[in-house]
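Here is the structure we will look at, set down as structure tokens.
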Amino acid sequence: MLKKNLGPLKMLGFARYEKRTDVATEDLIEAALKWQRDFLNTQNGIAMHCFLGNNKGQFADAIMAVDEASFMAMSENHPTAESSQEFMALLKPETIRLTPNRILKEDVRIPEDFSCIEFGTFSPNTHFTRRTMLDISTKIEEKYLSRFSESKAHFMGQIDDTTYSEIAFVENLGMARRICNGYIQDDTCLELLGMFAPESVDLDFWYKLA
Numbered sequence: 002m003l004k005k006n007l008g009p010l011k012m013l014g015f016a017r018y019e020k021r022t023d024v025a026t027e028d029l030i031e032a033a034l035k036w037q038r039d040f041l042n043t044q045n046g047i048a049m050h051c052f053l054g055n056n057k058g059q060f061a062d063a064i065m066a067v068d069e070a071s072f073m074a075m076s077e078n079h080p081t082a083e084s085s086q087e088f089m090a091l092l093k094p095e096t097i098r099l100t101p102n103r104i105l106k107e108d109v110r111i112p113e114d115f116s117c118i119e120f121g122t123f124s125p126n127t128h129f130t131r132r133t134m135l136d137i138s139t140k141i142e143e144k145y146l147s148r149f150s151e152s153k154a155h156f157m158g159q160i161d162d163t164t165y166s167e168i169a170f171v172e173n174l175g176m177a178r179r180i181c182n183g184y185i186q187d188d189t190c191l192e193l194l195g196m197f198a199p200e201s202v203d204l205d206f207w208y209k210l211a
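Structure (structure tokens):
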């Protein structure tokens with residue numbers, strides 16, 4: 002995992018994809034580590050990278066940056082870097098989904114002691130306002146997530162004009178699932194769920210591989 006103390010962070014890029022069928026997982030992990038060391042580590046404003054997997058055999062990168070300009074500069078430099086090309090050659094191009102998230106919370110830092118990221122996206126329904134969403138998110142942190150020592154960080158993000166994200170860093174996969182399952186039994190969490198168009202929700206749990 003790449004980790005630099007660069008102060009408050011305003012962007013989280015989340016890229017999901019599948020490897021080619023002839024590529025061994027250990028070779029993909031090694032290529033991700035090389036890309037992390039040789040490319041991401043050299044990019045200004047990139048504070049964190051971790052390489053993730055899920056229970057469906059898919060993979061992901063989570064990249065945190067100090068601002069949108071730093072993230073976009075990294076994205077522009079990415080295709081020409083040798084380690085990027087080697088890494089990308091192991092993936093199925095048609096499966097790649099990159100989601101840049103503007104972090105809608107102040108003073109977000111790299112979380113400590115997490116091994117799982119819950120990443121969900123959604124489109125709002127007609128009762129939605131961004132201010133109300135953020136107020137409810139704060140209440141969830143104070144009234145629900147505060148019960149779990151395994152909860153390491155939580156914030157909302159904005160992807161575009163009609164798509165938002167909820168991102169949680171948790172100590173382990175088991176507790177991430179348990180905390181998520183408790184949403185439907187908590188009144189404050191149900192307020193947030195009530196702002197989502199149900200058919201738009203795309204949620205999964207990802208655990209660190211490198």
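According to our numbering, the sequence shown is numbered sequentially starting from 2.
We treat Cβ as the ideally placed atom computed from N, Cα and C, and that holds for glycine.
Taking the Cα of aspartate 162 as reference, the smallest distance to any Cα among Phe123, Ser138, Ala177, Met65 is reached at Phe123. In the DSSP assignment, glycine 121 falls within the unbroken beta strand (DSSP E) covering 117-123. A residue is called buried once 16 or more other Cβ atoms fall within 10 Å of its Cβ, and proline 9, having fewer, is exposed.
For the pair serine 84 and lysine 35, the CB atoms are nearer than the 8 Å cut-off.
If you draw a 10 Å sphere on the C-beta of lysine 11, you find 16 or more other C-beta atoms in it, and that means buried. About 6 Å separates the beta carbon of asparagine 173 from that of cysteine 117, a gap short enough to meet the 8 Å contact definition. When the alpha-carbon of arginine 148 is set against those of Gly183, Ile137, Leu193, the nearest one is in Gly183. In this structure, the alpha-carbon of isoleucine 185 lies about 6 Å from that of leucine 191. With fewer than 16 other beta carbons inside 10 angstroms of its own, valine 202 counts as exposed. Between methionine 65 and the set Glu143, Val109, Glu119, Glu142, the nearest pair of CA atoms involves Val109. Put simply, of Ala48, Lys20, Ile104, Ser152 the residue whose alpha carbon is nearest the alpha carbon of leucine 91 is Lys20.
For arginine 148, there is no enclosing beta strand (DSSP E), as DSSP gives it neither H nor E. When DSSP states are grouped into helix, strand and coil, leucine 92 belongs to the strand group.
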